[in-house]
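2 protein chains.
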Amino acid sequence: MEYLHTMVRVHDLEASLDFYCNKLGLKEISRKENEKGKFTLVFLAAGGDEQMAKDTKAPMIELTYNWPDSDGNVEEYDKGRNFGHLAYRVENIYATCQALRDAGVDINRPPRDGYMAFIKSPDGISIELLQKGDKLEPQEPWSSMENIGSW
Amino acid sequence: MEYLHTMVRVHDLEASLDFYCNKLGLKEISRKENEKGKFTLVFLAAGGDEQMAKDTKAPMIELTYNWPDSDGNVEEYDKGRNFGHLAYRVENIYATCQALRDAGVDINRPPRDGYMAFIKSPDGISIELLQKGDKLEPQEPWSSMENIGSW
């Protein structure tokens, strides 16, 4: 038995790909458009997992985009408490958070401890970023940065 | 950047470990009890991913169990639509579903097509089971089994 992926639903595929790929840095591995079911699936993997994902040995994230109905409406997805977050390990948490900030992403829980940060996807999915290896030394502006909202 | 885990919150740790380990067949890789924060984290991996998970190269599922408050109450976790499901690949989807059924787990979406099934965790997390490799031949009682509820 092998873990394949975690699926999240996205209200706006373009905004979500901008967030997950351009800002967070995940790579698109494959995509399926289903005309009959009126949905698009996009499989994403972190850069360090790309080859493994291509070899069909996940871990991956599956974005499900349900197409607009006949009135042009797309469902807005609410958040529940039973699902917590997706977690990624990064090479340098300050560099990752700076790049996200520069791209306009709120750092909801800044890496004050040089180790852990939280951001949110456009659909409110919490994403945990964890420093690879040991904690980094506390560093401004991060060490005195306040939280923003919830995550 | 590497994908580490997906975290889900569990209302009843014992019932959840019974579901995820005894019934679904995941393995406990590690556990952290946090007295100060009053929570327990349990990291689980599928059997085929066990060594990889132990080498700290996930993919894993993290269960978060927040301990009862001073009145003995534990939060009940609701389900949101932004999170979809966790997906696992299995060797034989009929054998997996039969074992789950024998253990009292509803097969919400039976594997009528010899390929895909859905079940739910005690906290309403949808879990997709996918047949490894090609679809199996349709087989009773699965091929004429009705759906149960939603997933």
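Each protein sequence line maps, in turn, to chains A and B.
Letter by letter, the first sequence follows residues 11 to 161 in the working numbering.
Letter by letter, the second sequence follows residues 11 to 161 in the working numbering.
For glycine and all other residues, C-beta sits at the position ideal for the given N, C-alpha and C.
None of the values given here were measured: they were computed from a predicted structure.
9 angstroms Cβ cutoff met for residue i and residue j
i      : j      : result
B:Y98  : A:L14  : yes
B:F93  : A:F93  : yes
A:R41  : A:L34  : no
B:L73  : B:G57  : no
A:M17  : B:H21  : no
A:R111 : A:S153 : no
B:G124 : B:L139 : no
B:M11  : A:E101 : yes
A:M70  : A:D81  : no
Chain-ordered neighbours of residue i on chain B, where CB pairs are closer than 8 angstroms
i      : result
A:I135 : N92, F93
A:G35  : M11
A:T50  : Within chain B, no residue comes near A:T50; the closest Cβ sits about 14 angstroms away, beyond 8 angstroms.
Contact list for residue i against chain B, beta-carbon separation under 9 angstroms
i      : result
A:Y104 : Going along chain B, no residue has its Cβ under 9 angstroms from A:Y104, so there is no contact; the nearest lies around 14 angstroms.
A:D79  : Residues of chain B passing the Cβ test: none, with the nearest at roughly 15 angstroms.
Under 7 angstroms from the C-beta of residue i: neighbouring residues of chain A
i     : result
B:T16 : T16, L96
B:K89 : G90, N92
B:R19 : R91, N92, G94
Residue i, buried or exposed, once every other Cβ within 10 Å from all chains shown has been counted against 16
i      : result
A:S26  : buried
A:Q141 : buried
B:D65  : exposed
A:D79  : exposed
A:A113 : exposed
Cross-chain neighbours of residue i in chain B, by beta carbon under 7 angstroms
i      : result
A:D116 : Those within 7 angstroms of A:D116 in chain B number zero; the least Cβ separation is about 17 angstroms.
Closer than 8 angstroms: residue i CB and nearest the ligand COA heavy atom
i     : result
B:K42 : With respect to small molecules bound, the structure shown includes none, and the ligand COA cannot be examined in it.
Neighbour list for residue i in chain A, Cβ cutoff strictly below 9 angstroms
i     : result
B:E12 : A56, G57, G58, D59, P69, Y98, R99, V100, K142
B:Q41 : Here residue 41 of chain B is Arg; the residue named in the question, Gln, does not match the sequence. Chain A residues near B:R41: none, gap ~16 angstroms exceeds 9 angstroms.
Residues that residue i contacts on chain A, provided the C-beta gap is smaller than 8 angstroms
i      : result
B:R111 : Ordered by position in chain A, no residue passes the 8 angstroms Cβ test against B:R111, which lies about 17 angstroms from the chain.
Nearest-angstrom Cβ-Cβ length linking residue i and residue j, presumed shorter than 8 angstroms
i     : j     : result
A:Y30 : A:L54 : 6 angstroms
Margin query: Using a Cβ distance threshold of 8 angstroms, determine whether the segment 45–61 of chain B contacts the segment 128–138 of chain A, with at least three qualifying pairs required.
Written below: no
Notebook entry, point to check: Does the segment 76–93 of chain A come close enough to the segment 81–95 of chain B that 3 or more CB-CB pairs lie under 8 angstroms?
Noted result: yes
Notebook entry, point to check: How about the segment 148–159 of chain B and the segment 108–119 of chain B: do they share at least three Cβ pairs that are nearer than 8 angstroms?
Noted result: yes
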